[in-house]
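The numbering of the sequence shown is our numbering, which starts it at 5 and goes up by one.
From the three backbone atoms N, C-alpha and C, an ideal C-beta is built for every residue, glycine too.
None of the values given here were measured: they were computed from a predicted structure.
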Amino acid sequence: MTSPVRHVFEVAPEQAGQRLDRFLAERPELVENHISRTRVKALVEEGRVAVDGAPARSVSAKVATGASISVEIPPAVPAEPKAENIPLAVVFEDDQIIVIDKPAGLVVHPAAGHEAGTLVNALIAHCGESLSGVGGVKRPGIVHRLDKDTSGLLVVAKTDRAHRRLADLFADHGRTMPFLREYLAIVWGSPDRKTGSVDAAIGRHQTQREKMTVVHGDRGKEAITHWRVLETYGADKTGKPVASLIACQLETGRTHQIRVHMAHIGHPLVGDPVYATGFRTKERLLPDAARAAISALGRQALHAARLEFPHPLTKEQLEFESPAPEDFAKLTESLGKVESRAEP
Numbered sequence: 005m006t007s008p009v010r011h012v013f014e015v016a017p018e019q020a021g022q023r024l025d026r027f028l029a030e031r032p033e034l035v036e037n038h039i040s041r042t043r044v045k046a047l048v049e050e051g052r053v054a055v056d057g058a059p060a061r062s063v064s065a066k067v068a069t070g071a072s073i074s075v076e077i078p079p080a081v082p083a084e085p086k087a088e089n090i091p092l093a094v095v096f097e098d099d100q101i102i103v104i105d106k107p108a109g110l111v112v113h114p115a116a117g118h119e120a121g122t123l124v125n126a127l128i129a130h131c132g133e134s135l136s137g138v139g140g141v142k143r144p145g146i147v148h149r150l151d152k153d154t155s156g157l158l159v160v161a162k163t164d165r166a167h168r169r170l171a172d173l174f175a176d177h178g179r180t181m182p183f184l185r186e187y188l189a190i191v192w193g194s195p196d197r198k199t200g201s202v203d204a205a206i207g208r209h210q211t212q213r214e215k216m217t218v219v220h221g222d223r224g225k226e227a228i229t230h231w232r233v234l235e236t237y238g239a240d241k242t243g244k245p246v247a248s249l250i251a252c253q254l255e256t257g258r259t260h261q262i263r264v265h266m267a268h269i270g271h272p273l274v275g276d277p278v279y280a281t282g283f284r285t286k287e288r289l290l291p292d293a294a295r296a297a298i299s300a301l302g303r304q305a306l307h308a309a310r311l312e313f314p315h316p317l318t319k320e321q322l323e324f325e326s327p328a329p330e331d332f333a334k335l336t337e338s339l340g341k342v343e344s345r346a347e348p
């Protein structure tokens with residue numbers, strides 16, 4: 005059985021006076037483990053937080069300079085997903101792998117708040133015992149993820165052997181093996197160039213737990229995104245495009261990578277509730293039809309459109325393509341196409 009993990013923190017002078025829950029929720033070691041202020045409160049109530057050796061009594065208590073605060077984090081209880089008869093858009097399937105065209109809104113893994121109704125639940129029902137790995141704690145059948153509100157292609161291993169080889173392939177990111185992942189995204193504005201790359205490390209935001217961000221030094225992990233502009237839409241008062249359709253290819257696979265990188269260069273995804281909040285004013289200036297289309301989209305405009313890789317056992321090169329979903333088409337139509345900028 006896994007033992008609890010214990011962290012000890014000493015309060016620096018500049019941290020004195022903070023509430024206990026805020027102090028702990030901002031510690032990088034706990035942020036990485038998704039320990040929120042709500043979770044801190046639960047840990048205090050369970051007697052797992054101590055201040056100078058004495059059990060903490062209140063999360064609102066103010067921390068003092070030099071105080072030693074220890075936190076014991078118990079091991080997570082492994083989830084046991086159950087089979088659920090959820091319709092799946094199966095693009096390809098054999099005895100080793102299955103490729104799904106995931107709709108927006110479908111969560112991939114069971115987690116707090118999403119214990120049921122996930123892709124894993126659907127796969128267990130669809131594939132039966134061949135997905136025994138997916139039902140375990142680490143669910144090894146899933147070799148890559150799509151955010152809940154990102155649609156498109158996703159491959160899942162049905163056997164441990166296929167999983168190991170696909171995991172190696174995804175870790176390689178096409179550097180030495182033939183592999184391609186391409187996404188379609190609708191972003192605000194339009195880059196000055198037709199093509200480009202973003203090479204900027206990504207790590208978790210220090211204070212906003214739900215966000216990732218570009219970081220410097222050794223605080224993040226390498227992240228590289230290659231992009232090219234396909235089409236532009238509308239025009240603002242200066243004649244510049246209001247939005248663009250871009251294709252993004254990943255050289256790495258970090259959490260929220262495309263969303264973070266495009267926001268970093270000033271072109272966040274349309275509809276992104278986390279990384280495009282500064283563009284709400286621009287959205288209000290759009291025609292009624294465009295604003296209605298963004299509202300109907302209800303998510304970041306991101307779609308996993310192409311997936312190419314060698315079959316993990318036969319080595320046959322597999323190529324799959326998923327056209328942009330209907331909500332993309334309605335949005336681009338409402339914005340009004342200006343020009344095609346795809347390379348010949």
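{"Item": "Reduced DSSP category for S344 - H, G, I as helix; E, B as strand; rest coil", "Value": "Note that S344 scores 44 on pLDDT, short of 50, meaning its location in the model is unreliable and no value can be drawn from it."}
{"Item": "Buried versus exposed, by CB contacts within 10 Å (16 or more), G243", "Value": "exposed"}
{"Item": "Assigned secondary structure, V35 (DSSP; H/G/I helix, E/B strand, else coil)", "Value": "helix"}
{"Item": "Distance CB(P327)-CB(S155) smaller than 7 Å", "Value": "no"}
{"Item": "Pair within 7 Å by beta-carbon distance, V202 and T236", "Value": "no"}
{"Item": "Distance CB(K225)-CB(R258) smaller than 7 Å", "Value": "yes"}
{"Item": "Proximity below 7 Å, CB of A171 to CB of P316", "Value": "no"}
{"Item": "Burial state of H307 (16 or more Cβ within 10 Å)", "Value": "buried"}
{"Item": "Separation of L339 from G282, as counted between CA atoms", "Value": "19 Å"}
{"Item": "Residues that DSSP places opposite M216 in a beta bridge", "Value": "R208"}
{"Item": "Given 8 Å, three or more beta-carbon pairs between the region 182-195 and the region 260-274", "Value": "yes"}
{"Item": "Residue range of the unbroken beta strand (DSSP E) whose run includes R185", "Value": "L184 to W192"}
{"Item": "Rounded straight-line distance, which links the Cα of A267 to that of V141", "Value": "Any answer about V141 is weak, because its pLDDT of 37 lies below 50 and its placement is not dependable; what the coordinates show is given next. Going by the C-alpha atoms only, they are around 33 Å apart."}
{"Item": "Alpha carbon of K34 to alpha carbon of F96, nearest angstrom", "Value": "The question names Lys, but residue 34 is Leu in the sequence shown. Cα to Cα, the separation comes out at about 40 Å."}
{"Item": "I146 versus V160 - alpha carbon distance", "Value": "5 Å"}
{"Item": "C-alpha gap between Y187 and I39, whole angstroms", "Value": "31 Å"}
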